Each structure stands twice: as structure tokens, then as C-alpha cells.
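Numbering-wise, the working numbering comes out as the position in the sequence shown, counting from 1, plus 169. C-beta atoms are modelled at their ideal positions from N, C-alpha and C, and glycine is treated no differently. Keep in mind it's a predicted model, so treat the numbers as computed, not measured.
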Amino acid sequence: MGPSAALWQKPGLQCAGVVLSGPGQRDWIISSQTTSPRRRQDVAAGLQELELWLHDLLRGGIAQVQHQPAEYWQGPAGRLVDAQAVSLARQVRNLAQLPGRSADWPERLLLELSEIHLLIQAYKQFDQLEPGLQADIHWAIGWVPSDAALRHQPQVAGRWLVLGSRESKEVGQHLRRSYLLEMATGRLAQITEQKQARTGYETDLPVGLVLPATLVYYPSNAPLRAAVVTAGEPEPAGTFNPAWSQPDLRAALAAFGAILSQNPWQRQYPLILREVTPLQRQNAWYVADQRGEWLAIDPGCPEPWTLLAYSGGRPLTLAAEWNGELLWPLSACVDDRWVELRPLKVR
170 MGPSAALWQK
180 PGLQCAGVVL
190 SGPGQRDWII
200 SSQTTSPRRR
210 QDVAAGLQEL
220 ELWLHDLLRG
230 GIAQVQHQPA
240 EYWQGPAGRL
250 VDAQAVSLAR
260 QVRNLAQLPG
270 RSADWPERLL
280 LELSEIHLLI
290 QAYKQFDQLE
300 PGLQADIHWA
310 IGWVPSDAAL
320 RHQPQVAGRW
330 LVLGSRESKE
340 VGQHLRRSYL
350 LEMATGRLAQ
360 ITEQKQARTG
370 YETDLPVGLV
380 LPATLVYYPS
390 NAPLRAAVVT
400 AGEPEPAGTF
410 NPAWSQPDLR
420 AALAAFGAIL
430 SQNPWQRQYP
440 LILREVTPLQ
450 RQNAWYVADQ
460 RGEWLAIDPG
470 CPEPWTLLAY
480 SGGRPLTLAA
490 EWNGELLWPL
500 SACVDDRWVE
510 LRPLKVR
């Protein structure tokens, strides 16, 4: 989920990086190589129309959207595509999945609407905002920075632990989000790549190994998205520094909250959770910390039984992707070795 409703009144925030490396990997989303006045005018017009739609929605009351047909959501989403705001269009289209989905669906819908409202207000002030925030806004709209945007960004060399990857399908393309952690500093990076028909993914990122590599982060006020510039051969990780993990779930959520305070449109973020135990309650999965607090695991995740098998009912350190609502486990540190979480095979 997006930021809380308190962010409605925060028009000036910042950015975090995502990555696309390799040839042809910007086909899945509109590139921002050109931000011509005409294009910006098209986006401004599209956002203005979306704002009117939001006002009409709220004026009619949240409860009435349960009875709206698919065209109610597809209409504004299609107009945003025409305005070259494809990521925002996808977000609006996904709103149709919320009404009636759970008991608290009105709150969830309002959170999503607040995030969209914040983006609209921020775009109105675009020229007065800092470059990092401008980059965030472009990402939220659906403009991927060109390679030229990286030329003047500092390169970051280090030994990067591969925490895990998650694949998804967006705009008809298979994407992989991988998360890296620099062993000496604890700095995190998110590498997003598009799967090529013949060659697969551009970069070999074996989970649990360390990749000697140089990265470059996309312009951002809270850099996370990055591209791999050069990479050596993967090597054993060695001992993991527990200082790079969150001591409990409260600290983990605070870390994510700090990112949202800079980039309220950050959709996913890696968490490294120390001393958590997987558990199942009424067909739902959770991880609990030593304080007895818990976070829910995404019900679509196929790996909970694998996580439980590695845990043996005991606490372990877990790397997971967090979307503000649910965890998606990626890997676990078992006997001082990071292992990828894959579905158990039944023989």
C-alpha cells in the first residue's frame, strides 16, 4: 500500500532509484528521454482530468464504488495512457481490485487515492521542486530515466550480497526485481531487469553470493534503484554483519516510514528482519519477532513452508520485499549462509 493519509499535505518530498540495465530494457514503459513542453502539457492535462474524477468519486462517497462497472476504472486509466502516464494508469486500473476485497477496503482505497492526490499536487509544483523529487515524480508517472541521466551520477564500487529476487509481469513484459546489500556499508540497491526472449536476464545474480560490482544509482533523494555498470565473478559471502538487519519489526517499519517520508511513491522496499519466526494461523502466514509483534506474508507467496522448514520453529534472519502491507520472503540466513527460498518439491 501507499503512504498514510497524513501525506496529503506533504507536497515536497524526495526520490529513490530503480534499475533497468542492458539493451532494450526500457520497452516496457515510456522512456523519459524527451520531456518536451508538449509532453508535459499532455501529462498536466491528464492529471487535471484525473483530479476531477477523484473529486467526483469522493463527492459520491466511497461506498458507491462497489457497484461501479469495470469501465468506471478503465476510463480514467485509458486516458492516462493517452497522456503518457502509464505507471499511474496501472495504479488507477488496480484500484478496481479493492472494493469489497476485505473488511477494511475503504481505508485501503483512501490510502491509494491519497497517494494519487499527492502526485497530482506535486506535479503542479514540478518546476519549483528539487531534482531528486522531480525524478521521483517521473517514476511515479511512468517515465523511466534515459541512460544519459546516469552519466554524471557517481559510481559505487563494492561487494554486493544478493539478497533475492522477485519476478513479475507488467505491461506484457517479465520483470525481475533483485535486491543487493553492500557488505561494508549496508547500502541497499534494487536492480530491475526485463527478461529477454533468448538470453533471459542480463545480469547473473545468484542469491546468497557476493558480487564484486560497480553500481550507479538513478537520480533520487532516497536512492534505491540502481544499474549494474560492471560486475566480477560471484564469490562466497562470508559472515553477515547483523548491524545491517532490523532488530525487530517496529524498527523495520520505521525504516520503511523514513523512505516514504522522502519518496511517498516507493512501492516496494527490502527489509532484513533479525530473529523472526514464521508461523501459521487460520491458513494465513506471518513472521513474528521477539516482542510478539508480527507482519503478514503475502498469501500468493509459495515459499512459507520452505521458510518454516529452514526455521524449524526457531528464529532466523529473513530478507523480504515489503510493500507497506505484506511481506514477500526472498531468502533466509541459515547457519551463517544465505539461502534462496523456493517452493518445496514433493517427491
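Could you check where the alpha helix (DSSP H) with residue i kicks off and where it finishes?
i    : result
T475 : P473 to S480
H343 : Element bounds for H343: not the alpha helix (DSSP H) but the beta strand (DSSP E), Q342 to E351.
G333 : Segment Q324 to E339 is the beta strand (DSSP E) holding G333; no alpha helix (DSSP H) there.
H286 : W274 to K293
For residue i, which residues in the same chain have their Cβ closer than 6 angstroms to its Cβ, ignoring the five residues on either side in sequence?
i    : result
S337 : L344
T203 : Since pLDDT at T203 reaches only 46, below the 50 mark, its modelled position is unreliable, and the value read off the structure follows with that caveat. Here the set comprises nothing.
D458 : D417, L418 and V445
Q451 : none
V250 : A258
Q237 : none
Is residue i helix, strand or coil by DSSP?
i    : result
G426 : helix
L485 : strand
Q451 : coil
W312 : coil
R506 : strand
W491 : strand
A304 : helix
S190 : Summary for S190: the model assigns pLDDT 35, below 50, so the residue's position carries little reliability; its value from the coordinates is reported in the next sentence. Coil.
R419 : helix
L319 : helix
R511 : coil
Take residue i and list the residues in its own chain whose beta-carbon comes closer than 7 angstroms to its own, dropping the five residues that flank it on each side.
i    : result
P498 : I466, C470, E472, L476, L487, A489 and L510
W274 : L267 and P268
F295 : Q303 and I306
G191 : For G191, the predicted structure reports a pLDDT of 35, less than 50, and the residue's modelled location is therefore unreliable. A value from the coordinates is still provided. Correct list, in chain order: E362 and E371.
Can you give me the start and stop residues for the beta strand (DSSP E) that residue i sits inside?
i    : result
W463 : W463 to A465
Once the 5 residues before and after residue i are set aside, which same chain residues still bring their CB inside 8 angstroms of it?
i    : result
A232 : P275
Exercise. What are the start and end residues of each continuous beta strand (DSSP E) run of 3 or more residues lying completely inside the stretch 358–417, in chain order?
Worked result: Secondary structure in the stretch 358–417: the beta strand (DSSP E) runs of 3 residues or longer, each lying completely within the stretch, are 378–386 and 395–400 in chain order.
Exercise. Should the stretch 308–315 be called in touch with the stretch 248–259, which here means at least 3 C-beta pairs below 8 angstroms?
Worked result: yes
For this session: Within the stretch 195–264, note down every full alpha helix (DSSP H) run reaching 4 residues or more, in order along the chain.
Result: Here the runs fully enclosed are 206–229, 240–251 and 255–263.
Exercise. Touching or not, the stretch 371–386 and the stretch 439–452, by the rule of three or more beta carbon pairs under 8 angstroms?
Worked result: Taking 8 angstroms as the limit for Cβ pairs, the verdict is that the stretch 439–452 does not touch the stretch 371–386.
For this session: Report yes or no: do the stretch 361–377 and the stretch 395–405 share at least 3 C-beta pairs separated by less than 8 angstroms?
Result: Contact holds: three or more Cβ-Cβ distances are below 8 angstroms.
Exercise. Counting Cβ pairs, one atom from each stretch, are 3 or more of them under 8 angstroms apart for the stretch 278–287 and the stretch 217–236?
Worked result: yes
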